[in-house]
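One line per chain: the protein sequences are X and W, in this order. Take the first sequence: its letter number 334 is residue 1190 in the numbering used here, and every next letter is one higher. Take the second sequence: its letter number 359 is residue 1215 in the numbering used here, and every next letter is one higher. In this text, a Cβ means the ideal position worked out from N, Cα and C, and glycines have one as well.
Number of protein chains: 2
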Amino acid sequence: MTAYRTLDPEGVKHFLAARRDLAERLGGEAQDWTVREVSDGNLNLVFLVFGPSGTLCVKQSLPHVRVDPDWKMPLDRTAFEAAWLRRIEPLAPGLTPAFLDFDPEQFVLTMECLNGFVTLREALSKGADPIAPSRILGGFVARSAFLTSYFAQPFEAVAPDLAFFSGNTTLTRITVDLVLTDPYREHPRNHWLPALDADVAAMRADPRIIARIGALQERFLTTPQALLHGDLHSGSIMISDRDVRVIDGEFSLYGPIGFDCGLYLAHLAVAHAATNDVARKEALTAAIRTFWRTFCSDFLYLWKTQANGADLYTPTTFSNAPHELDTLRAHFISGVFHDAAGFAAAEIVRRLIGYAQTSDFDHIQDEQSKADRQRVALSFACDLLRDAPADIDAFTERLRQDTDLPSTTSPETT
Amino acid sequence: MTAYRTLDPEGVKHFLAARRDLAERLGGEAQDWTVREVSDGNLNLVFLVFGPSGTLCVKQSLPHVRVDPDWKMPLDRTAFEAAWLRRIEPLAPGLTPAFLDFDPEQFVLTMECLNGFVTLREALSKGADPIAPSRILGGFVARSAFLTSYFAQPFEAVAPDLAFFSGNTTLTRITVDLVLTDPYREHPRNHWLPALDADVAAMRADPRIIARIGALQERFLTTPQALLHGDLHSGSIMISDRDVRVIDGEFSLYGPIGFDCGLYLAHLAVAHAATNDVARKEALTAAIRTFWRTFCSDFLYLWKTQANGADLYTPTTFSNAPHELDTLRAHFISGVFHDAAGFAAAEIVRRLIGYAQTSDFDHIQDEQSKADRQRVALSFACDLLRDAPADIDAFTERLRQDTDLPSTTSPETT
Ligand SMILES: Nc1ncnc2c1ncn2[C@@H]1O[C@H](COP(=O)(O)OP(=O)(O)OP(=O)(O)O)[C@@H](O)[C@H]1O
Ligand SMILES: Nc1ncnc2c1ncn2[C@@H]1O[C@H](COP(=O)(O)OP(=O)(O)OP(=O)(O)O)[C@@H](O)[C@H]1O
């Protein structure tokens, strides 16, 4: 038992040199390795390590939030990320970094280094095509959700994972507070542009919005449909010219599938609201539809072909009711959409007025223009919460209408 | 570590003599104790032990189903019963036997012996008043469900219990198969009077019934609202002149609160269908309403007064939407009722045509009369599954209509 110590680049070399399998992947000796810290998230340390014959990525939890050392936090979050990666990697081959090692004393996860990848957030901000990765992500959520759900296996196979991931209370608390609670109450973690004061006050005073947030809180905590990623925003996705990988599963938990879908949709919608380039808006709209359609068709395909041994909605039980089976499946997917639209709205709200805000509006210099664009994003979210859209077409149509700023708005550089 | 051995009366004495605290409750020495086996359930051994100064009840799991030694079963079910008892006893004081000891090697639970109590099933079959115990049971379900739910505490307090009880896979499998699956498919465990053949075939061929059963299966496995008893029929309740106690929590799991409510309602409804005594039917109808009304008012009262520290539906979040908070609470209770009516129906069906049948019809000698009464019970259940009743009044009204046998039916002794 070695006491936990926070790694620095030298510490990373020591750590890897002591682990033969990992050291062999790098080749040579510790003095031949280069270590680069790339931590850019809020929570953890991330190092990339380059050796003569290979590379590695090393991630370690800190005993506090990385960007706020006063906010203390247990170390176990990399244990949940490691467990998530080991569970999901075989279900969605080639769509995560390869898991290599987890050290439960140092809380260090070692995984494949994604060379030549950037985060989807960065790629999108530079104008990358959003459609192709959205198709892959729709398939990823369908596979990882379906294959960890009660629709794919007997409940006995779900029980150990449900039990284990319910222990991920630290990061679930972050979601419950930062995403689903704080934006709707006074809290020192909230902040926003003064020009949005009236909008925030109106949102909080709207009983329909509060009621929907309440219902979403309940869905989040009491609907363990599948193992979720739990933080599927564009910073948790890395892309290269040809590939997409989902990283950072430390928020993983059993929950409503619409939560993962909603977070992804939220970030596309925010990017849409943040630009006034019409072609870009169209590409992002197409990406939203592509994500959702791929999710639906892949999920339904898996349901029809890979439900062996499951307890729920089995073809045997439904042998006299095949039509009802189709109806129930469609009803389930509609429920996922309903959840997704709600959670997307909550994610948009929190990225505008909560603790960890989106960088999508950072390119807008003029504060008035920035506030105008944030206002339309907020009003789209409030609209979704007030009155749930029936389907993805209604969702994108509202996005178009709500974020179509009047032409009097001063143009900004995109 | 002592290897597991099945107890007999002598073994019970040995077991208790070796445990000072327990032996002292009985007083005297082992030779002064009387042991009486009272096992009458399907699964376990139960012994009552009488000593000069006290009594005990000793329950041990067998490595198989008690009434079917070929049906092998893990021993851990008394561990879940013990955990349930320890969790629920302080939440519903005086409504369970007192927990005294659990031996995890012998799988022996020792608890207070309920002297002068009989099962509610036995009491009802002898004409006992069903209303007073139903009021107490409504309060019991309200307290045990509310106080273990996300409405009463932060989710971090729920997580360890959710994790632990999700391990109760053996008995959850019994529920999934025997209650929610087998009756709707060919299975050697099913059996029924030949006169019901056409009714069973019609039930299985009805797509609406199959669809509702499918939805109930999903609710059961993916709606962890509260810690359930999991088998709350009249044989899991003991009553004396003045007291009610809930026993036998070995099926406990996190699930939809309507499951506990539904099982209790089912057994009152079956008793109603099994008698043709009008006054008795009225008393049972009143008991059904009393149970449900007490559950609702107690649950809502707790929600308004004991929700401190919870994450869901907090008065702080809803300070601008008090009316919506009331609406959401009422909506939640309606959802519990909807579940309860469905699970009640499933329980009635399985007690008529599945593995472990009810004894309520045993007093009817004439097979035709018996089949007629079972048929009305079955048709009431099918009616509930086909078309959900809106509220408890609709539930009891249908029970009255569906089980009101035409007067041509041959009378039987009650
Ligand atoms: N396997 C990898 N290969 C290459 N780079 C990676 C890898 N994993 C993470 N990174 C880089 O490290 C950065 C931080 O990683 P990650 O998002 O997992 O950290 P985090 O602190 O948990 O973030 P958050 O606060 O969003 O939870 C990523 O943005 C990415 O640039
Ligand atoms: N604490 C107690 N005091 C007195 N008698 C008890 C007590 N607990 C159980 N009994 C008696 O033992 C019988 C069997 O108990 P119980 O229902 O717990 O057993 P079981 O085998 O688990 O039943 P099931 O098959 O319904 O799960 C009861 O019907 C009751 O008569």
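At a cut-off of 7 Å, the beta-carbon of V894/W counts as near ligand 2: some heavy atom of the ligand is closer than that. DSSP, reduced to helix, strand and coil, places E1074/W within a helical segment of the structure shown. Comparing alpha carbon positions, the residue from A1061/W, L863/W, L878/W and Y1006/W closest to A1071/X is Y1006/W. In this structure, the alpha-carbon of T1079/W lies about 17 Å from that of H1187/X.
From the beta-carbon of H1219/W, no residue of chain X is found nearer than 7 Å; the closest lies around 34 Å away.
Contact between A1197/X and A1125/X does not hold, since the beta-carbon distance rounds to 10 Å and is not under 8 Å. Beta-bridge annotation (DSSP): G1111/W is paired with A1082/W. Spanning the alpha carbons of C1117/W and I1030/X requires a straight line of approximately 34 Å. Looking at the backbone, the Cα of L1121/W and that of L1052/W are separated by about 23 Å. When rounded, the separation of the alpha-carbon atoms in L904/X and T1146/X is 33 Å. At least one heavy atom of ligand 1 lies less than 7 Å from the C-beta of R922/X. Per DSSP, the beta bridge partners of F906/W are T890/W and T911/W. By the neighbour-count definition (other C-beta atoms within 10 Å, threshold 16), H1194/X is a buried residue. With respect to chain W, the C-beta atom of G1210/X has no partner C-beta closer than 8 Å. With a minimum length of 4 residues, the unbroken runs of alpha helix (DSSP H) contained wholly in the segment 1105–1172 of chain X fall at 1113–1130 and 1134–1161.
The shortest CA-to-CA distance from L1140/X to any of L882/X, P925/X, G867/X and D985/X is the one to D985/X. Shown here for F1020/X: same chain residues with a beta carbon closer than 7 Å to its own, the five before and five after excluded, namely A939 in chain order.
Counting along the chain, the unbroken beta strand (DSSP E) around M1094/W starts and ends at I1093 to I1095.
None of the residues of the segment 1086–1104 of chain X has a beta carbon lying less than 9 Å from any beta carbon of chain W. It is roughly 17 Å from the alpha-carbon of G1105/X to the alpha-carbon of A1212/X. Two segments are said to touch when three or more pairs of C-beta atoms, one from each, lie closer than 8 Å; by this definition the segment 993–1004 of chain W does not touch the segment 921–939 of chain W. By the rule that beta-carbons nearer than 8 Å mark a contact, R1041/W touches chain X.
Think of a sphere of 8 Å around the beta carbon of S1190/W: no beta carbon from chain X falls inside it, the nearest being about 14 Å out. Counting only Cβ-Cβ distances below 8 Å, V1032/W has contacts in chain X at F1011 and D1167, in chain order.
Take the alpha-carbon of K1160/X and the one of I1069/X: they are about 33 Å apart. Listed in chain order, the non-local C-beta contacts of A954/W below 7 Å within the same chain comprise E945, M967 and E968, local neighbours out to five positions each way being set aside.
At a beta-carbon threshold of 7 Å, none of the residues of chain W lie near R933/X; the nearest stands roughly 15 Å away. Non-local C-beta neighbours of D1167/X in its own chain, meaning closer than 7 Å and more than five positions away in sequence, comprise Y1006, P1010 and F1011, ordered along the chain. For M929/W, the distance from the CB to the nearest heavy atom of ligand 2 is not below 7 Å. In the DSSP assignment, the residues bridged to S917/X are N900/X. Shown here, T952/X sits in coil according to DSSP, grouped into three states, outside any helix or strand. Taking D1249/X as reference, the option from L918/X, A1143/X, K928/X and G884/X with the minimal CA-CA separation is A1143/X. Shortest Cα-Cα distance from K928/W to any of S917/W, G995/W and E937/W involves S917/W.
Taking all protein chains in view, the Cβ of E1180/X is crowded by 16 or more other Cβ atoms within 10 Å, so the residue is classified as buried. If you check the CB distance, T1173/X and R1256/W do not come in under 8 Å.
Using a CB distance cut-off of 8 Å, R943/X does not count as an interface residue toward chain W.
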